[in-house]
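Number of protein chains: 2
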Amino acid sequence: MNKTIILNKRPIGRPEHLDFKVLDKNIPEITKDEMLLKLKFVSEDPYLRGRMSDSESYVASFKLNEPIFSGCIAEVIASNKDSFKKGDFVFGYMDWKEYQTSEGNGLLKVDASIAPLSAYLGILGMTGLTAYFGLTEIGVPQKGETIVVSGAAGAVGSIVGQIGKILGCHVVGIAGTDEKVALLKSKFGFDDAINYNTSTNIKEDLSAVCPNGVDIYFDNVGGKISDGVYANINQFGRIIVCGSISVYNETSVPTGPRVEPFLIKKSALMQGFIVGNYVKKFPVGSKQLSEWLKDGKLTYSETIVEGFDSIPQAFIDLFDGKNKGKMIIKI
Amino acid sequence: MNKTIILNKRPIGRPEHLDFKVLDKNIPEITKDEMLLKLKFVSEDPYLRGRMSDSESYVASFKLNEPIFSGCIAEVIASNKDSFKKGDFVFGYMDWKEYQTSEGNGLLKVDASIAPLSAYLGILGMTGLTAYFGLTEIGVPQKGETIVVSGAAGAVGSIVGQIGKILGCHVVGIAGTDEKVALLKSKFGFDDAINYNTSTNIKEDLSAVCPNGVDIYFDNVGGKISDGVYANINQFGRIIVCGSISVYNETSVPTGPRVEPFLIKKSALMQGFIVGNYVKKFPVGSKQLSEWLKDGKLTYSETIVEGFDSIPQAFIDLFDGKNKGKMIIKI
Numbered sequence: 000m001n002k003t004i005i006l007n008k009r010p011i012g013r014p015e016h017l018d019f020k021v022l023d024k025n026i027p028e029i030t031k032d033e034m035l036l037k038l039k040f041v042s043e044d045p046y047l048r049g050r051m052s053d054s055e056s057y058v059a060s061f062k063l064n065e066p067i068f069s070g071c072i073a074e075v076i077a078s079n080k081d082s083f084k085k086g087d088f089v090f091g092y093m094d095w096k097e098y099q100t101s102e103g104n105g106l107l108k109v110d111a112s113i114a115p116l117s118a119y120l121g122i123l124g125m126t127g128l129t130a131y132f133g134l135t136e137i138g139v140p141q142k143g144e145t146i147v148v149s150g151a152a153g154a155v156g157s158i159v160g161q162i163g164k165i166l167g168c169h170v171v172g173i174a175g176t177d178e179k180v181a182l183l184k185s186k187f188g189f190d191d192a193i194n195y196n197t198s199t200n201i202k203e204d205l206s207a208v209c210p211n212g213v214d215i216y217f218d219n220v221g222g223k224i225s226d227g228v229y230a231n232i233n234q235f236g237r238i239i240v241c242g243s244i245s246v247y248n249e250t251s252v253p254t255g256p257r258v259e260p261f262l263i264k265k266s267a268l269m270q271g272f273i274v275g276n277y278v279k280k281f282p283v284g285s286k287q288l289s290e291w292l293k294d295g296k297l298t299y300s301e302t303i304v305e306g307f308d309s310i311p312q313a314f315i316d317l318f319d320g321k322n323k324g325k326m327i328i329k330i
Numbered sequence: 000m001n002k003t004i005i006l007n008k009r010p011i012g013r014p015e016h017l018d019f020k021v022l023d024k025n026i027p028e029i030t031k032d033e034m035l036l037k038l039k040f041v042s043e044d045p046y047l048r049g050r051m052s053d054s055e056s057y058v059a060s061f062k063l064n065e066p067i068f069s070g071c072i073a074e075v076i077a078s079n080k081d082s083f084k085k086g087d088f089v090f091g092y093m094d095w096k097e098y099q100t101s102e103g104n105g106l107l108k109v110d111a112s113i114a115p116l117s118a119y120l121g122i123l124g125m126t127g128l129t130a131y132f133g134l135t136e137i138g139v140p141q142k143g144e145t146i147v148v149s150g151a152a153g154a155v156g157s158i159v160g161q162i163g164k165i166l167g168c169h170v171v172g173i174a175g176t177d178e179k180v181a182l183l184k185s186k187f188g189f190d191d192a193i194n195y196n197t198s199t200n201i202k203e204d205l206s207a208v209c210p211n212g213v214d215i216y217f218d219n220v221g222g223k224i225s226d227g228v229y230a231n232i233n234q235f236g237r238i239i240v241c242g243s244i245s246v247y248n249e250t251s252v253p254t255g256p257r258v259e260p261f262l263i264k265k266s267a268l269m270q271g272f273i274v275g276n277y278v279k280k281f282p283v284g285s286k287q288l289s290e291w292l293k294d295g296k297l298t299y300s301e302t303i304v305e306g307f308d309s310i311p312q313a314f315i316d317l318f319d320g321k322n323k324g325k326m327i328i329k330i
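The listed protein sequences derive, respectively, from chains S and V. Heads up, the first sequence is in numbering that gives the first Met the number 0, so the first residue is 0 and it goes up one at a time. Heads up, the second sequence is in numbering that gives the first Met the number 0, so the first residue is 0 and it goes up one at a time.
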C-alpha cells in the first residue's frame, strides 16, 4: 500500500480537510534508470498555500487531483543507479507519497552524521538559506542596527534573529503567544519580543523596545503587524518582504495603509524575494550556516508531527501558528 | 515695499488662498557681511505641501506666520561680500519675499550664458537631478527594458522619460489630459502614453502599450494609478517612489491594495528617496545633464506664471495638474 495525498479542491480562504484527499496506490516498480524512495520527512510551509490557488504566483500552481509536493527527505530503498545506493538519504522536492520512483534529478544526498536529517529541511536547507540571504543580501545589517522580525518564532524568523545577533544587531521579535515570546528570548537570544495578540498598540509597544527605531524589518507575515512596524522604520530602513502569511488565506485583495508616503519620507526600501534568486550563492550560505551550527552559534526548533496521515492537519495548523519553528512530518 | 508670503494656516486637504497671507514689509538694510537679493524666479513644487502640514515629513514643517521658502533664483542688487557682486544671479532656498538679505550660505552662482536662469530651478537643478539619480541609482535601467513614468508630463517625469530613451529603453508615460499625452510623444520622445482620466482600466491599457511588461516604474503620483502599474510589474521590477501627489492632500491615511504579496511574487523592489541622498554625486549628475542638454538630447517644459502675487494660486494649481513641466513664478 502506498498512501498519496492529492489536491482534491482548491482552498477558499483557510485550508480545510476537504481540500485534500488520501488515496491508496500500489508501490511502483523501478526501471533500470530509477531508484525507489521511501518518504522519511516532509516539510510543510506557508508558501504551499499559494500553490494551491490557481492565481498567478511565484511558483506554478498545483494541479487538481494530482499529488501535492514539497521539500522532503527520503531513504533510497532500492536503486538501479550508480550514483545512489540503498541506504542513502536524499533531499529534494517530492510528492506526498509514501513511496515514489526517481531518476535522481534534483536530488541531493544528505549526511545524517553531520546533522539530524530533519535539519536539511530547515536550518541547513531552504529555511536557513532564506533567512541568511534575505537578511544579508537585502538587509545588509550593520553592527548596532536594530532588526525586527515578524513570524519570529517560525522556521525562518527564529534563524533570522540569531543571525542578527551573530552580526551584532539589536534584535526584536514579534510572535503570537506569550510562550513563543519567552522562547525567542530564552532559546534564540532575541533582545526582546512582543506578542501581537495581546498588544493593543503594536506601533507603540515596538517603539518601547526599539529605542533607536527600526533599521531592518524581516517580514514573514504582512498585514496589520507590518503596519505597526512601518511606523517605526528609520531613515534608510530596509524591509525584507519574505512572506505574507497573514493574507495568504484572504479571498479578496487585502488592503491597508499605502506605503509609498512613508517610503519617501524615510528613503526606505522594500524588497520581495524568494530564496531561489540566490541559487548561485547557495554554497557560500550553506557553508556559513553549517559553521555557525557546528560552533553552537545557531540553534533551531522544529515541530515534528508523526505519521503520513497527519500531513493535512499539520498544514492547516500552520495558519494558526501551532508550530514552533519548522513544521515537519516524520513518517 | 517688500511683499512677503507667510503660512497663515495649515492647509486641510487641498490648499486654498486663506492658507497664505501676503504681508508688506520694509526692504531690509544689509550689514557689512550681507548682500541684498531681489527674487527673480520661484520654484513651486508638490513637496512643499508636506512642509505646510505639521505631521512629520522628510523635511521640517514650515512655521505658522513665518515666510514660506523654496528653491529660487535671485539677483544680487547690493553686496558687502567679496564672493558675490552686484549683478550676480544666485540659486538657493529663499523666502517668498521680494527682497531679502543673505550672508551667502547655501547659495550658488548660476550662469545665464549657459542656460536660461529658470533652467537652474528645473532641468539643471533639483528637478533634473531627482530624475537622473532616481532613475539611474535605483532603477538601474538596462537597454531594452520598459520604463513607465507617472506624472509623466510633470517637471521630473518629463526628464525621466527622456533619460530613459537616451539609455535605450521603451518608455511609456501616464498623464492626466490628452494634450499632455500628445506632448509626451511629440516633444519628449516617449514611445507611448496613456491618459489616466479617460482610461477605464489602467492595468489593461498599460499592458497593451508595454508588451514586455514593466521593468521600472518611476512613480510621482501614487494611489490608484500606481495600483494599475504594479499589476504589470515584471520579475525583478524596480519601483522608484519619488512622489505621491495623489495623496498629499488626503486628510486621513490613504489605503489601497497591500503591495507585499506582489513584491514577493515578482521579487520586486520599491525604494523611496529624496534627491538629497545623492548630494555627493551632484557634480556627476549636473555634468551629465548639462552635456545632454547642450547636445540637444534633452528638452524641458516650464509653466511660467508672472508676478509675485500669483504664487498662492500657482501652488494650488499644481494639485489640478495645470502645469506642464516645472511650475515657475517669474517676478
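Just so it is clear, CB atoms sit at the ideal spot from N, CA and C, and this is done for glycine as well.
How do the stretch 68-78 of chain V and the stretch 88-104 of chain V stand: do at least 3 beta-carbon pairs fall below 8 Å, yes or no?
-> yes
Which residues in the same chain as K164 of chain S place their Cβ atom closer than 6 Å to its Cβ, once the five residues preceding and following it in sequence are excluded?
-> V170, G188
Are any of the Cβ atoms in chain S nearer than 8 Å to that of S185 of chain V?
-> no
Would you kindly work out how many angstroms separate the C-alpha atoms of V148 of chain S and C241 of chain S, rounded to a whole number?
-> 11 Å
CA-CA distance, K223 of chain S and I238 of chain V?
-> 23 Å
Given S78 of chain S as reference, the closest of S:K264, S:E259, S:T100, S:Q270 once Cα atoms are compared = S:T100
Under 8 Å between the Cβ atoms of Y299 of chain S and G121 of chain S?
-> yes
Along chain S, in chain order, which residues have C-beta atoms closer than 9 Å to that of M125 of chain V?
-> The premise fails here: M125 of chain V is roughly 15 Å from chain S at the closest Cβ pair, so nothing lies under 9 Å.
Examine chain S for any beta-carbon lying closer than 8 Å to the beta-carbon of S243 of chain V, and answer yes or no.
-> yes
Whole angstroms is fine: what's the gap from G160 of chain V's alpha carbon to I327 of chain V's?
-> 21 Å
Relative to the C-alpha of S251 of chain V, which residue among V:V304, V:N231, V:G12 is closest?
-> V:G12
Inter-stretch contact (C-beta, 8 Å, three-pair minimum) for the stretch 109-123 of chain S and the stretch 280-295 of chain S | yes
Buried or exposed for T126 of chain S, please, with buried defined as at least 16 other CB atoms from any protein chain shown within 10 angstroms of its CB.
-> buried
By DSSP, does N25 of chain V sit in helix, in strand, or in coil?
-> coil
Considering only the beta carbon of each residue, do L134 of chain S and M269 of chain V sit closer than 8 Å?
-> no
Touching or not, the stretch 180-197 of chain S and the stretch 138-155 of chain S, by the rule of three or more beta carbon pairs under 8 Å?
-> yes
With a CB to CB cut of under 7 Å and the five nearest residues on each side skipped, what residues in its chain are close to G320 of chain V?
-> G175
What residue from V:G212, V:E43, V:L107 has the CA that sits closest to G143 of chain V's CA?
-> V:G212
G255 of chain S, DSSP secondary structure in three states | strand
Candidates S:L36, S:P210, S:I173, S:C209, of which the one nearest T197 of chain S by Cα | S:I173
Residues that I273 of chain V contacts on chain S, provided the C-beta gap is smaller than 8 Å | I263, S266
At which residues does the alpha helix (DSSP H) containing A174 of chain V begin and terminate?
-> No alpha helix (DSSP H) holds A174 of chain V; the beta strand (DSSP E) holding it covers 169-174.
Partner residues on chain S for G221 of chain V, Cβ-Cβ distance less than 8 Å | R257, E259, P260
List the endpoints of the continuous alpha helix (DSSP H) containing T129 of chain V.
-> 125-132
CB contact below 8 Å: M269 of chain S versus chain V | yes
Beta-carbon neighbours of T254 of chain S, restricted to chain B and to distances below 8 Å = Within the model displayed, chain B is absent; protein chains S and V are what it includes.
Note down, one range per segment and in chain order, each beta strand (DSSP E) of at least 3 residues found wholly within the stretch 196-273 of chain V.
-> 213-218, 232-240, 254-256, 268-271
Residue interval of the beta strand (DSSP E) (run including L35 of chain V) = 34-43
With distances taken between CB atoms, is the gap from K8 of chain V to L22 of chain V smaller than 8 Å?
-> no
Closest by C-alpha distance to G124 of chain S, when choosing among S:I76, S:K62, S:V109, S:V246 = S:V109
Compute the distance between the beta-carbons of G271 of chain S and S225 of chain V, then report whether it is under 8 Å.
-> no
Secondary structure, beta strand (DSSP E): runs of 3+ residues fully inside the stretch 60-89 of chain S = 68-78
Endpoints, the beta strand (DSSP E) within which K329 of chain V is located | 325-329
Please say whether F90 of chain S and L106 of chain S have beta carbons closer to each other than 8 Å?
-> yes
Look at the alpha carbon of I162 of chain S and the alpha carbon of K329 of chain V, and state the distance between them as a whole number of angstroms.
-> 57 Å
Alpha helix (DSSP H) segment containing I11 of chain V, residue limits | Taken as a continuous stretch (DSSP letters only), I11 of chain V belongs to no alpha helix (DSSP H), as it is neither H nor E.
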